[in-house]
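Participant: Counting from 1, position 103 in the sequence shown corresponds to residue 89 in this note's numbering; the numbering is continuous, with no gaps. Before I ask anything, here is the structure I am working with.
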Amino acid sequence: MAGASPLLLLSFLLLVSMAAADQCHDDDHAALVAIDTAMGSPYHFASWTPDSACCDWYDVDCDADTGRVVGLRVYQDANMSGAIPDAIGNLTFLETLTLHHLPAISGAIPESLAALSNLSELTISYTGVSGPVPSFLGALTALTLLDLSYNTLTGAIPPSIADLTSLSSINLRRNRLSGTIPSLLLSKSPDGAYLQLSHNNLSGAIPTEFAAVNFSYVDLSRNALSGEAACLFGADKALQHLDVSRNALNFDLSAIEFPEQLTYVDLSHNTIRGAIPIQVATVTGLQQFNVSFNRLCGTVPTGGNMSRFDRYSYLHNKCLCGAPLTACRQRPVGYLH
């Protein structure tokens, strides 16, 4: 190409790039064929034919410069069955793996996925996958998102996940997980951490280390968590959504400061005591507020945004009173206690 004009050189490089994207690396092609074979060549992979480049196959994404497979996204097929193929681990340049709404997929998450050192997003959700959340996920150092929701996973959340410094979003809801929440989970995450652990069998305390995590979304509802939740609160927190309902939490709400960014908070169905802080009325963006089925006392705060919430937000407490509940009783003159 010596002496070639800049335009000719640019055209050549463009053609090379297009050729790389159109072709499929032999290793990636072999891995995809093995995946297809392991799953019984389902109709979902009908476009995976020998006479076309694998970068053109349905559900497959390739890097435009290298032609390597960087994405495998398989969605919504009730007829696709079998275990997650080990061969996925041979797609060594994979950055995104999504297996979503494949209810007949079963078995454990294969250890071969530990080889996916470039993986940034892992989603295995709405499947029949069972077994533990594997500890080898802690080796996926590039992981930013982990979604293993709506499966039948059992056992504890492995502490190794807390070692992932880039991880900012964890969704393990709707499984059968037990044990305690690892104390350093998401402690190394960037701002705006997202944690969804609802509808499991988790027990023990909410880690006090969560006070240092800059959460934007927390849902720990429908578990068997106990003790304090004060570490999740604070006026200067960036938290927008908080749901710890239907646990066994027992703490004094009186001195809690609600995050100014909060839009949704559900503390219902616990054994929380004390009074509702007056400060909650100043959280201007709050759209959902539920403290029902607790042991709260005192007067419901008024003013600000409190008119948005009806009596169902406060029902079944020990002695809450004031609008929209019944009026508080006046103490007789000379009453001292």
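Just so you know, even glycine gets a beta-carbon here, dropped at the ideal spot from N, CA and C.
1) Using CA atoms only, rank isn't needed, just tell me which of Ser240, Arg294, Ile143, Gly289 is closest to Gly165.
2) Excluding sequence positions up to five away, which residues of its chain have a Cβ less than 6 Å from the Cβ of Cys349?
3) Going by C-alpha to C-alpha distance, which of Gln62, Asp37, Ile156, Phe79 sits closest to Asp380?
4) Opposite Ser116 in the DSSP bridges: which residues?
5) Assuming Ala128 and Ser146 form a contact by the criterion Cβ under 8 Å, report the distance between their Cβ atoms to the nearest whole angstrom.
6) Who are the Cβ neighbours of Leu158 in its own chain at under 6 Å, not counting the five residues just before and after it?
7) Give the single residue among Ala125, Leu153, Leu163, Asp149 whose Cα lies nearest to the Cα of Thr140.
8) In the DSSP output, which residue or residues are listed as bridge partners for Gly68?
9) Would Pro36 be called buried (16 or more neighbouring beta carbons within 10 Å of its own) or exposed?
10) For Glu246 and Val286, I'd like the C-alpha separation in whole angstroms.
11) With a 10 Å radius around its C-beta and 16 neighbouring C-beta atoms as the bar for buried, classify Glu81 as buried or exposed.
12) Hey, how far is the Cα of Gln316 from the Cα of Leu132?
13) Assuming Leu248 is part of the alpha helix (DSSP H), what are its boundary residues?
14) Starting from Thr82, follow its DSSP beta bridges and name the residues at the other end.
15) Are the Cβ atoms of Leu77 and Val60 separated by less than 8 Å?
16) Tell me the rounded alpha-carbon separation between Val204 and Leu225.
17) Nearest to Asp229 by alpha carbon, out of Ile242, Asp238, Leu248?
18) Please list the terminal residues of the continuous alpha helix (DSSP H) segment that includes Ala16.
Facilitator: The structure says:
1) By one-based count along the sequence shown, residue 165 stands at place 179. Minimum Cα distance to Gly165 is reached at Ile143.
2) The structure shown has nothing for residue 349, since the chain only spans -13 to 323.
3) Limits of the chain in this structure are -13 at one end and 323 at the other, which puts residue 380 out of reach.
4) Start at 1 with the first residue of the sequence shown, and residue 116 comes out as number 130. Answer is Thr138.
5) Locating residue 128 in the sequence shown gives position 142, counting from the first residue. Locating residue 146 in the sequence shown gives position 160, counting from the first residue. Their Cβ separation, rounded to whole angstroms, is 15 Å, which puts Ala128 and Ser146 out of contact at 8 Å.
6) On the sequence shown, position 172 is the one that residue 158 refers to. For Leu158, where only same-chain residues beyond five positions count, the Cβ hits under 6 Å are Leu134, Leu183.
7) Position 154 of the sequence shown, counted from the first residue, corresponds to residue 140. Here the closest residue by C-alpha is Leu163.
8) Translated into the one-based positions of the sequence shown, residue 68 becomes position 82. Answer is Ile91.
9) As a first step, residue 36 is located in the sequence shown; it is residue number 50 there, counting from the start. Exposed.
10) Along the sequence shown, read from residue 1 onward, the residue named residue 246 stands at position 260. Along the sequence shown, read from residue 1 onward, the residue named residue 286 stands at position 300. Using only the alpha carbons, I get a separation of about 19 Å.
11) To locate residue 81, count along the sequence shown from 1; it is residue 95. Looking at its Cβ environment, which holds 16 or more other Cβ atoms inside 10 Å, Glu81 is buried.
12) As a first step, residue 316 must be located in the sequence shown, where it is residue number 330. As a first step, residue 132 must be located in the sequence shown, where it is residue number 146. Approximately 54 Å between the Cα atoms of the pair.
13) Mapped onto the sequence shown, residue 248 falls at position 262. From DSSP, Leu248 is part of no alpha helix (DSSP H); its letter is neither H nor E.
14) In the sequence shown, counting from the first residue as 1, residue 82 sits at position 96. DSSP lists Gly57, Glu107 as partners of Thr82.
15) The residue given as residue 77 occupies position 91 in the sequence shown. The residue given as residue 60 occupies position 74 in the sequence shown. Contact: no.
16) In the sequence shown, counting from the first residue as 1, residue 204 sits at position 218. In the sequence shown, counting from the first residue as 1, residue 225 sits at position 239. For Val204 and Leu225, the distance between alpha carbons rounds to 8 Å.
17) In the sequence shown, counting from the first residue as 1, residue 229 sits at position 243. Checked all of Ile242, Asp238, Leu248; the closest Cα to Asp229 is Leu248.
18) By one-based count along the sequence shown, residue 16 stands at place 30. From DSSP, the alpha helix (DSSP H) with Ala16 extends over 12 to 24.
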